[in-house]
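Reading through the C-alpha cells given below for one structure.
There are 2 protein chains.
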Amino acid sequence: MALEHAILVSLDERPGTGYELARRFDKSIGFFWAATHQQIYRTLKRMDDLRWVTAEEVAQDGRPDKKVYRVSPEGRQELQRWLRETGEPATVRHDLAVKIRGASLGDPRAVAEEVARHRRHHAERLDVYRAIEKKDFPDPSALHGRRLHQHLVLRGGIKAEEALLEWCDEVLAAMREDDPR
Amino acid sequence: MALEHAILVSLDERPGTGYELARRFDKSIGFFWAATHQQIYRTLKRMDDLRWVTAEEVAQDGRPDKKVYRVSPEGRQELQRWLRETGEPATVRHDLAVKIRGASLGDPRAVAEEVARHRRHHAERLDVYRAIEKKDFPDPSALHGRRLHQHLVLRGGIKAEEALLEWCDEVLAAMREDDPR
DNA sequence: GGCGGCTATGCAACTAGTTGCACAGCGACC
DNA sequence: GGTCGCTGTGCAACTAGTTGCATAGCCGCC
Numbered sequence: 003m004a005l006e007h008a009i010l011v012s013l014d015e016r017p018g019t020g021y022e023l024a025r026r027f028d029k030s031i032g033f034f035w036a037a038t039h040q041q042i043y044r045t046l047k048r049m050d051d052l053r054w055v056t057a058e059e060v061a062q063d064g065r066p067d068k069k070v071y072r073v074s075p076e077g078r079q080e081l082q083r084w085l086r087e088t089g090e091p092a093t094v095r096h097d098l099a100v101k102i103r104g105a106s107l108g109d110p111r112a113v114a115e116e117v118a119r120h121r122r123h124h125a126e127r128l129d130v131y132r133a134i135e136k137k138d139f140p141d142p143s144a145l146h147g148r149r150l151h152q153h154l155v156l157r158g159g160i161k162a163e164e165a166l167l168e169w170c171d172e173v174l175a176a177m178r179e180d181d182p183r
Numbered sequence: 003m004a005l006e007h008a009i010l011v012s013l014d015e016r017p018g019t020g021y022e023l024a025r026r027f028d029k030s031i032g033f034f035w036a037a038t039h040q041q042i043y044r045t046l047k048r049m050d051d052l053r054w055v056t057a058e059e060v061a062q063d064g065r066p067d068k069k070v071y072r073v074s075p076e077g078r079q080e081l082q083r084w085l086r087e088t089g090e091p092a093t094v095r096h097d098l099a100v101k102i103r104g105a106s107l108g109d110p111r112a113v114a115e116e117v118a119r120h121r122r123h124h125a126e127r128l129d130v131y132r133a134i135e136k137k138d139f140p141d142p143s144a145l146h147g148r149r150l151h152q153h154l155v156l157r158g159g160i161k162a163e164e165a166l167l168e169w170c171d172e173v174l175a176a177m178r179e180d181d182p183r
C-alpha cells in the first residue's frame, strides 16, 4: 500500500492538515495516487499511531481546531525503507477497454460516444499538465534533485495522457469507418 | 464495478469454468482488468444468484466436477445496459511515480534501479502485445465488428506500454545526468 | 432570510480486493 | 518414492476503498 508513502512524500514537502492533504490529492500528487478525504483521515490516524507523523493541534476561532501533521524521523526512515523495496507494476483496470471489447454485444455507437467523452477528459487533463509544466518548469534542463523528480513525474502524466488521447482518436476513427452513420 | 461485465464479455465470447476464466484473466482480457481466481469464483456465484449466467455441472473422472458457465439473456441485457452507462475515467495508482517523486528523500540510485526493473517489465509486455497483434491481426484494415474491437483494445495496450517505456527511458536518462556515477 | 459552498474532522456501513489455506487426483520429473 | 505443477472449487480472515451522513460556524449570493 502506497497511500501512506504518498502522504509521507507530500508531508515532507510541506506539513499540513488532513483537509489540506485531501486538496493536494485532488491535484498534484493525486494525479498519480487517487484518495478521498475519508481515506486520508483514516490513514493519518494510523500513521500517527505508528509514530510516522506527529500531530500538532492548532486552535482556530470561527472554525474547528485543526491538526497539522508533519513527518517524524521514524516516518522518514519508513519512507527510505519503502523506496528501496521492489514492487510490482500497477494492476490496470480500464472499464473503457472492457466496454470497447464488448461493444458489438450492445450498441457500438453508444460505446463510441463514451470513448469521445473520455477523449475530452484526457484532452483537458493534458492541458492541465502542460500548463503546470510551462508555469512551474520553464527550463527543464536546469533541474536537479527534488525539482527534477517532480518534473519527471509530471512528464509521465503527460506521456500517459498523450497516449490515451491518441488511442481514443484511433478507436473513434476505426469505429466510424466500420459503421458510418 | 466492471468485473461482472468483463466476465460477461469473456463468457459471451466462449462459455467456460471459473478456472478457465481465471486463466483468461492472466492474459487477454486480464491485461485490461486484473482479477484473481478468488474474485472470479465469488463473482460468478453472485452472477449466478442474479441469473446473469447459468451453470451446467459437468462430472469428470480423475478430477473434481466442473461448472461451465454461460451468459443468460438477463446477463446479455445487463451488459447492454452497462454499455450505455457513462463512467468516470479509471483512478490511477502508480507507486512508481510516488517513488520517483520521493527519490531525493532516500537513495535516488535505488529508485533508478526500480525504474529500470519496470522498464524491463514494460518492454516484455510490449513484446507480448506486438506478438499477439502480428499473429491474430495480420491485416488490421480488414477488421470489422467484434474482431475490430478486440484489436482496438490491444492497440490501447500497445500505446500505453510504449508510453511507459519511453517515460522510463526519459527518467533513467535524466537521473543519470543528475547523478552520474 | 435561506441556501450553497468553504474549512475541518470524523463515524458507520458497505463493497471490493488480497492472502492464505484446504481438498483431491493426475501426470511428469528427478 | 517424493515433490512439483496442473486442473478445479471454495472458505475464512483480512485489508483497502467508497458512500452517506453528521457537526459547525463562517462567508457571499440572490
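Taken in sequence, the protein lines are chains A and B. Using this note's numbering, you'd call the opening residue of the first sequence number 3 and step up by one each time. Using this note's numbering, you'd call the opening residue of the second sequence number 3 and step up by one each time. All residues carry an ideal CB built from backbone N, CA and C; glycine is no exception. In this text, all values refer to a predicted model and were calculated from it rather than measured experimentally.
- By the criterion of a C-beta distance shorter than 8 Å, A/Leu174 is surrounded in its chain by Ala114, Val117, Ala118, Arg121, once the five residues flanking it on both sides are discounted.
- In this structure B/Asp97 touches A/Ala92 by the C-beta definition: roughly 7 Å separates them, less than 8 Å.
- Counting other Cβ atoms within 10 Å of its Cβ, A/His146 stays below 16 and is therefore classed as exposed.
- Pairing B/Ala36 with B/Gly159, the inter-Cα distance amounts to about 13 Å.
- Taking C-beta atoms under 8 Å as the contact rule, B/Val73 and B/Leu23 fail to qualify, at a distance of about 12 Å.
- Taking B/Ile9 as the centre and dropping the five residues before and after it, the same chain places no C-beta closer than 6 Å to its C-beta.
- For the segment 100 to 119 of chain B, the beta-carbon criterion of a distance under 7 Å to any beta-carbon of chain A is satisfied by Val100, Lys101, Ile102, Arg103, Gly104, Ala105, Ser106, Leu107, Gly108, Asp109, Ala112, Val113, Glu116, Arg119.
- Take the alpha-carbon of A/Ala162 and the one of B/Arg44: they are about 33 Å apart.
- Per the Cβ contact rule, the segment 139 to 153 of chain A is not in contact with the segment 79 to 95 of chain A (fewer than 3 Cβ pairs under 8 Å).
- Inter-residue distance for B/Arg132 and B/Ser30 is about 13 Å (C-alpha atoms, whole angstroms).
- The shortest C-alpha to C-alpha distance from B/Ile102 to any of A/Leu85, A/Gly108, A/Gly104, A/Asp50 is the one to A/Leu85.
- Nearest CB-CB separation between B/Gln82 and chain A: below the 7 Å threshold.
- Taking 4 residues as the shortest admissible run, the segment 60 to 128 of chain A contains the following complete alpha helix (DSSP H) segments, listed from N- to C-terminal end: 75 to 86, 97 to 103.
- At least one beta carbon of chain A lies nearer than 7 Å to the beta carbon of B/His146.
- Proximity of chain B to A/Ala165 at the Cβ level (cut-off 8 Å) is accounted for by Lys161, Ala162, Glu164, Ala165, in chain order.
- At a Cβ-Cβ threshold of 7 Å, B/Val100 and A/His39 do not count as neighbours.
- Of the residues B/Asp129, B/Glu76, B/Arg16, B/Glu172, the one whose Cα lies closest to the Cα of B/Val70 is B/Arg16.
- Listed along chain A is no residue with a C-beta nearer than 7 Å to that of B/Phe27; the closest approach is about 11 Å.
- DSSP links A/Trp35 through a beta bridge to B/Arg95.
- B/Glu179 and A/Asp141 have their alpha carbons spaced roughly 15 Å apart.
- Exclusion of the five residues before and after B/Ala57 leaves Asp50, Lys69, Tyr71 as the residues of its chain whose Cβ lies within less than 6 Å of its Cβ.
- Any Cβ of chain B closer than 7 Å to the Cβ of A/Arg122 would place that residue at the interface, and such an atom is absent.
- Identification of residues in the segment 17 to 41 of chain B having a C-beta nearer than 8 Å to some C-beta of chain A yields Ile31, Phe33, Phe34, Trp35, Ala36, given in sequence order.
- For the 7 Å CB-CB criterion, A/His124 and A/Leu166 form a contact.
- Within the same chain, Cβ atoms closer than 8 Å to the Cβ of B/Asp67 are found at Glu59, Val60, Ala61, the five residues on either side in sequence being excluded.
- Separation of the CB atoms of A/Trp54 and A/Glu80 is rounded to 6 Å, and the pair is thereby assigned contact status at 8 Å.
- Judged by DSSP secondary structure, A/Arg178 falls within the alpha helix (DSSP H) whose first and last residues are 147 to 180.
- Counting only Cβ-Cβ distances below 8 Å, B/Thr45 has no contacts in chain A at all, with the closest Cβ about 14 Å away.
- The C-alpha of B/Thr88 is placed about 35 Å away from the C-alpha of A/Gly18.
- For A/Val173, the C-beta contacts it makes with chain B under 7 Å involve Leu154, in order along the chain.
- Around the beta carbon of B/Leu52, fewer than 16 other beta carbons lie within 10 angstroms, which makes this residue exposed.
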